[in-house]
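Q: Everything in the sequence shown is counted per my numbering, starting at 77 for the first residue and increasing by one.
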Amino acid sequence: MRGREVRRVRKLLGLSQRAFAERVGVAGNTVARWERDELTVGSTAAILIRLLGDLQRKEESQR
77 MRGREVRRVR KLLGLSQRAF AERVGVAGNT VARWERDELT VGSTAAILIR
127 LLGDLQRKEE SQR
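1. Assuming the contact rule is C-beta atoms closer than 8 Å, residue 79 and residue 113 should be a hit. Round their C-beta distance to whole Å, please.
2. Quick check for students: name the residue ranges of the alpha helix (DSSP H) that lie wholly in the region 79 to 103, counting only runs of 4 or more.
3. Counting along the chain, where does the alpha helix (DSSP H) carrying residue 120 start and finish?
4. Do the CB positions of residue 97 and residue 106 come within less than 8 Å of each other?
5. Can you tell me the Cα-Cα spacing of residue 109 and residue 115, whole angstroms?
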């Protein structure tokens with residue numbers, strides 16, 4: 077998962093980097109490093125991020 081995808085999901089959810097980090101269960105600066113592609117997103121976090129994005133899109137399509 078690339079940083080731009082992390083950023084896209086975070087913005088889709090309308091969350092700050094800190095709030096997104098809390099949802100995913102990582103340190104606040106980790107999200108910033110992911111988004112700059114300085115740190116690789118682990119497989120568990122990548123799955124969670126994709127699920128959060130999928131749930132948000134589904135919720136929006138049902139409105």
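Using N, Cα and C, we set each Cβ at its ideal position, and we do this for glycine too.
A: Taking the geometry as given:
1. As a working note, residue 79 is residue 3 in the sequence shown. As a working note, residue 113 is residue 37 in the sequence shown. Going by Cβ atoms, the distance from residue 79 to residue 113 rounds to 4 Å, so yes, they are a contact pair.
2. 79 to 89 and 93 to 100
3. Working through the sequence shown from its first residue, we reach residue 120 at position 44. It spans 119 to 137 - the alpha helix (DSSP H) in which residue 120 sits, taken as one unbroken run.
4. By 1-based counting over the sequence shown, the position of residue 97 is 21. By 1-based counting over the sequence shown, the position of residue 106 is 30. In contact: residue 97 and residue 106 (Cβ atoms closer than 8 Å).
5. As a working mapping, residue 109 is identified with position 33 in the sequence shown. As a working mapping, residue 115 is identified with position 39 in the sequence shown. Approximately 5 Å between the Cα atoms of the pair.
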